[in-house]
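J.: Got a structure for you, written out below as structure tokens; questions coming shortly.
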Amino acid sequence: MAHWLNLGQILKVNAKKFPNTVALKDRKRAFTYPETNRRVNKLAHSLLALGLKKGDKVAVLLENSIEIVEVYLATAKTGLVIVPINFRLVGPEVVYIVNNSDARAFIVHDEFTPTVDAIRPDLENVAPDRYVVVGEECPGYREYEAFIGAGAEGEPKANVMAADPWILIYTSGTTGKPKGVVRSHESHIAFYLINAVDFGFNEHDVCLNIMPLCHINSTFFTFTFTYVGGSAYIHPARSFRAEEILEIVEREKITFISLIPTHYSLILNVPEEARKHDVSSIRKLLCSSAPARKDMKLAVMEFFPGVELYEAYGSTEAGIVTVLKPEDQMSKLGSIGFESLGTDFVKILDRDGNEVGVGEIGELYSRGPMLFDEYYKMPDKTASSFRGEWFSAGDMASRDEDGFYEIIDRKDNMIITGGEHVYPSEVEKVVGSHPGVLDVAVVGLPHDKWGEGVTAFVIPRDPDDPPTEEEIMAFCRDKMAGYKRPQAVLFISQDEMPRTGSGKVLHRALRERYASGQ
2 MAHWLNLGQI LKVNAKKFPN TVALKDRKRA FTYPETNRRV NKLAHSLLAL GLKKGDKVAV
62 LLENSIEIVE VYLATAKTGL VIVPINFRLV GPEVVYIVNN SDARAFIVHD EFTPTVDAIR
122 PDLENVAPDR YVVVGEECPG YREYEAFIGA GAEGEPKANV MAADPWILIY TSGTTGKPKG
182 VVRSHESHIA FYLINAVDFG FNEHDVCLNI MPLCHINSTF FTFTFTYVGG SAYIHPARSF
242 RAEEILEIVE REKITFISLI PTHYSLILNV PEEARKHDVS SIRKLLCSSA PARKDMKLAV
302 MEFFPGVELY EAYGSTEAGI VTVLKPEDQM SKLGSIGFES LGTDFVKILD RDGNEVGVGE
362 IGELYSRGPM LFDEYYKMPD KTASSFRGEW FSAGDMASRD EDGFYEIIDR KDNMIITGGE
422 HVYPSEVEKV VGSHPGVLDV AVVGLPHDKW GEGVTAFVIP RDPDDPPTEE EIMAFCRDKM
482 AGYKRPQAVL FISQDEMPRT GSGKVLHRAL RERYASGQ
């Protein structure tokens, strides 16, 4: 039975079960389940023909596309491990992930080949003949369609077990280096089953995928529809135009979308003429990655009449931990809901490991079948994130008398901007290396569009001749991804920087002090 607990086997079954159902679709193409299974098999054989074997890592630097979905599925069938890389990252960040993951093959979109070509000499384990490009042909790369065209259509022979690793996905690290989260086949299959039951998805549903497929959110929700035999429409993550999204909903009869508050804000602010589209096919909506205000929730439910609105709390490591269901949206504003179906339990513990009482704040821990295996090559970090079988993503929370949970603060001051996770220490390291900066603290301040804006508070080395905001922003441009770079730089004095008695910056105090003014 363990062999069946991977998405590759599910695809094989669904190719027989749903022969006429469109599995994947984008702006130009549509593939049924049998067509998708044949393409994935051919890709799987071609990857194995490179000399890759079970457990080897395949890095991908791809925008949302049918191709990245096919790579996920091909690695599931072969026992290879996919390493999705955020397409917003710059060269040095990509080098770290490719090398740290021990990736032995690299599949990239043609628009990213200049980035990859510049760092090729620094990539330690990718042989010259193991670069594949999606899109226009490029020297030094195998062209994707020709690459899969050479593969056989039959099912690849692979002894893939449920507990084998499938995805190695990197999430921001508090020390400035991202952490590789190792997730097994069975942890994802558990999610797809739980998700299908919790949300009521079935083979008649059509998902519109907009969230980046290099993020865990998309691997959780998009592939739920592969699991149940539904359809997934894949839309580029960097091409969010609200009116276009509404047009797709009407044309494709979309029934479900997972979005962040920023997306909902853009949809709610479309001009009146854009509201002509029929969006009545939408049955369910998910809001995740950041809390949504009550007025936004009301507006979303008015815009999409009859919709069931869900909110979810989770992490790359833990999966979905809690769900706030439609019937509780208004009565439990600010809550993250109850435990997700399949989450064994949630605990809120004090620093000594004791459970706190109702209304008291502690660190949120969970366990269940969706948990990750480990942080890759980081045994100490893995160990420190657990108390026995219980995992914590470092969030501080409380529980009310009805059993609903609420996130109070992010233990490590993580910023969520437009759905992307940013840790202040990573940004501070770059800004602090500017010769005109004496000290810096980075926090997230409220932002109408992005939820939180990355804001750097800088103490200049020479108060009489400080660098300008533009100089700091230009200095950061080639050193980190765009979503990590400060959206505002404010100059303060030593006395204005809140600190503990030992000299540590009080990020929370800084954030609270300036949030209202911002």
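When you read off a place in the sequence shown, starting at 1, and then add 1, the result is the number in my numbering. Ideal Cβ placement from N, Cα and C applies to all residues, glycine included.
Tell me the start and end of each unbroken beta strand (DSSP E) in the stretch 123-198 that is at least 3 residues and wholly inside, in chain order.
T.: You should have 132-135, 166-172, 180-185.
J.: Entirely within the stretch 454-513 and at least 4 residues each: give me those alpha helix (DSSP H) ranges in chain order.
T.: If we require 4 residues or more, the alpha helix (DSSP H) runs fully inside the stretch 454-513 come out as 470-477.
J.: Taking buried to mean at least 16 other C-beta atoms within 10 Å of its own C-beta, is V127 buried or exposed?
T.: Buried, because 16 or more other Cβ atoms sit within 10 Å of the Cβ of V127.
J.: Would you call the CB atoms of I295 and F405 closer than 8 Å?
T.: Reading off the sequence, residue 295 comes out as Lys, not Ile. In this structure, F405 does not lie closer than 8 Å to K295 by Cβ.
J.: Report the CB separation of L287 from I255 in whole angstroms; it is logged as a contact under 8 Å.
T.: Not a contact, Cβ separation roughly 13 Å.
J.: With three or more C-beta pairs closer than 8 Å as the rule, is the stretch 150-162 touching the stretch 76-83?
T.: With a cut-off of 8 Å, the stretch 150-162 and the stretch 76-83 count as touching, because enough Cβ pairs lie within range.
J.: For the alpha helix (DSSP H) containing M297, list its first residue and its last residue.
T.: Note, M297: alpha helix (DSSP H), 295-304.
J.: Cutting at 7 Å between CB atoms, please list the residues of its own chain near F392, excluding the five before and the five after it.
T.: The answer, listed in chain order, is E318, A319, Y366, S367, R368, L372, S386.
J.: Give me the residue from K180, Y314, V280 with the minimum Cα distance to D381.
T.: Of K180, Y314, V280, the residue nearest in Cα terms is K180.
J.: How many Å lie between S282 and V324 at the Cα?
T.: One C-alpha to the other measures close to 23 Å.
J.: Helix, strand or coil for H46 per DSSP?
T.: Residue state, collapsed to three classes: helix.
J.: On a CA-only basis, which of Y314, K55, R512 is nearest A394? Give me that one, please.
T.: Out of Y314, K55, R512, Y314 has the C-alpha closest to the C-alpha of A394.
J.: So, is T176 buried or exposed, given that buried needs 16 or more other C-beta atoms within 10 angstroms?
T.: Any reading at T176 must be qualified, since the residue scores a pLDDT of 44, below 50, and its modelled position is unreliable; the value itself is stated next. By the neighbour-count rule (16 or more Cβ atoms within 10 Å), T176 is not buried but exposed.
J.: Take the Cβ of E497 as the centre, count every other Cβ of all protein chains shown within 10 Å, and call the residue buried at 16 or more, exposed below.
T.: Its Cβ having fewer than 16 others within 10 Å, E497 is exposed.
J.: At which residues does the alpha helix (DSSP H) containing F226 begin and terminate?
T.: F226 -> alpha helix (DSSP H) spans 217-229.
J.: Give every residue of the same chain whose Cβ lies closer than 6 Å to the Cβ of Y171, excluding the five residues on either side of it in the sequence, and list them in chain order.
T.: So the list reads I98, P179, G181, once near-sequence residues are dropped.
J.: Taking the alpha-carbon of K450 as reference, which of Y311, E138, Y484 has the nearest alpha-carbon?
T.: Ranking the options by Cα distance to K450, first place goes to Y484.
J.: Just reading off the beta strand (DSSP E) that R400 is part of, what are its end residues?
T.: From DSSP, the beta strand (DSSP E) with R400 extends over 396-400.
J.: Residues in its own chain within less than 6 Å of G231 by CB, not counting five upstream and five downstream?
T.: So the list reads E204, D206, once near-sequence residues are dropped.
J.: Within a Cβ cutoff of 6 Å, which residues of the same chain sit near L491, ignoring the five residues on either side of it in sequence?
T.: So the qualifying residues of the chain are F458.
J.: Nearest CA to the CA of S266: which residue from E253, G354, E251, A293?
T.: Ranking the options by Cα distance to S266, first place goes to A293.
J.: Taking DSSP's pairing of strands, which residues face L62 in a bridge?
T.: Bridge partners of L62: V109.
J.: Give the DSSP bridge partners of N210, in chain order.
T.: Per DSSP, I235.
J.: Where does R40 land, buried or exposed, given buried means 16+ other C-beta within 10 angstroms?
T.: R40 comes out buried.
J.: Shortest alpha-carbon distance to H264 belongs to which of P35, G452, H508?
T.: H264 has its Cα closest to that of G452, out of P35, G452, H508.
J.: Using the three-state DSSP reduction, which class does K55 fall into: helix, strand or coil?
T.: Note: K55 maps to coil in three-state DSSP.
J.: When you compare only the Cα positions, how much space is there between H508 and M397?
T.: If I take the Cα positions, the gap works out to 15 Å.
J.: Tell me the start and end of each unbroken alpha helix (DSSP H) in the stretch 416-454 that is at least 4 residues and wholly inside, in chain order.
T.: Fully enclosed alpha helix (DSSP H) runs of 4 or longer: 425-433.
J.: Return the chain-ordered list of same chain residues with a C-beta closer than 6 Å to the C-beta of I195, the five sequence neighbours on each side being excluded.
T.: So the list reads L342, G343, once near-sequence residues are dropped.
J.: On the premise that E94 lies in contact with A482, defined as a C-beta separation below 8 Å, what is that separation, rounded to the nearest angstrom?
T.: Going by Cβ atoms, the distance from A482 to E94 rounds to 7 Å, so yes, they are a contact pair.
J.: Report buried or exposed for A442, applying the criterion of at least 16 other Cβ atoms within 10 angstroms of its Cβ.
T.: By the neighbour-count rule (16 or more Cβ atoms within 10 Å), A442 is buried.
J.: Tell me P115's beta-bridge partners as DSSP assigns them.
T.: Bridge partners of P115: none, in fact.
J.: Please report how far the alpha carbon of K298 lies from the alpha carbon of H435, in whole angstroms.
T.: C-alpha separation (whole angstroms): 42 Å.
J.: Just the Cα atoms here: how many angstroms apart are K54 and P467?
T.: So the two alpha carbons sit approximately 55 Å from each other.
J.: To which residues of the same chain is R512 closer than 6 Å at the C-beta, ignoring the five residues directly before and after it?
T.: Within the same chain, R512 has close Cβ partners V444.
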